[in-house]
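Before any comments, here is the structure.
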Amino acid sequence: MAMRFIKRTTCIFLILTLSLSLYFCEKQENTTYKVVEINDGDTVTVVMEKFLGLIIKTERVRLIGIDAPELDQQPWGRRAKHYLRNIIKESDWQVRIELDVQHRDKYGRILAYLWDKKGNMINYLMVRNGYALVYTVPPNVKYTHLLIEAQRLAQEERRGIWGKEGLKESPSDWRKKLRGIK
């Protein structure tokens, strides 16, 4: 009876040890994160922790340095979200996250630059192709010069929100006006 208990206990201990080893190996080697939701044109939800293939924790990630039109700013809010979805989809729903000085915003979202599997900065692509504006909030200014250049080129080429039927007001002005109504 005692021998059976020892064998069973040893077996359970080994299974737990192996499971925890796999969990910590997976976390250390995880340099990319799976995107599970596109919230809007500048926010996504990623898987932060998995255990034995099950999602344990997700987090919202706000793209640093950009401001995409709000979803209700039609048609550009939906277009920005759709464009971001296409970029992420082309990257097999995998992104690399790069933090700057401040890691979270006042809403608890992670603040990050996202990179696709080809090494392109997604924040840059959103601005360069006319689906977001530059929106710098110090101290997160690492790539401000790059984003400003992307916006200048998008404006010059009249891409997306800078085109003939472009965005009528900036997302920040739209939010201020909305707050004034409430």
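For the sequence shown, our numbering begins at -13 and goes up steadily by one. The beta-carbon is built from N, C-alpha and C at its ideal position, and this holds for glycine as well. These figures come from a predicted structure and were not determined experimentally.
- Bounds of the alpha helix (DSSP H) holding residue 110 are 108 to 114.
- As a beta-bridge residue in DSSP terms, residue 126 pairs with 123.
- Measuring C-alpha to C-alpha distances from residue 41 to each of 32, 48, 131 identifies 32 as the nearest.
- In the DSSP assignment, residue 99 falls within the unbroken beta strand (DSSP E) covering 96 to 101.
- Following the DSSP letters along the chain, one finds residue 76 inside the alpha helix (DSSP H) bounded by residues 62 to 76.
- Ranking 86, 60, 52, 106 by CA distance to the CA of residue 77 puts 106 first.
- Distance from the CA atom of residue 88 to the CA atom of residue 35, rounded to whole angstroms, is 21 Å.
- For residue 80, the three-state secondary structure derived from DSSP is strand.
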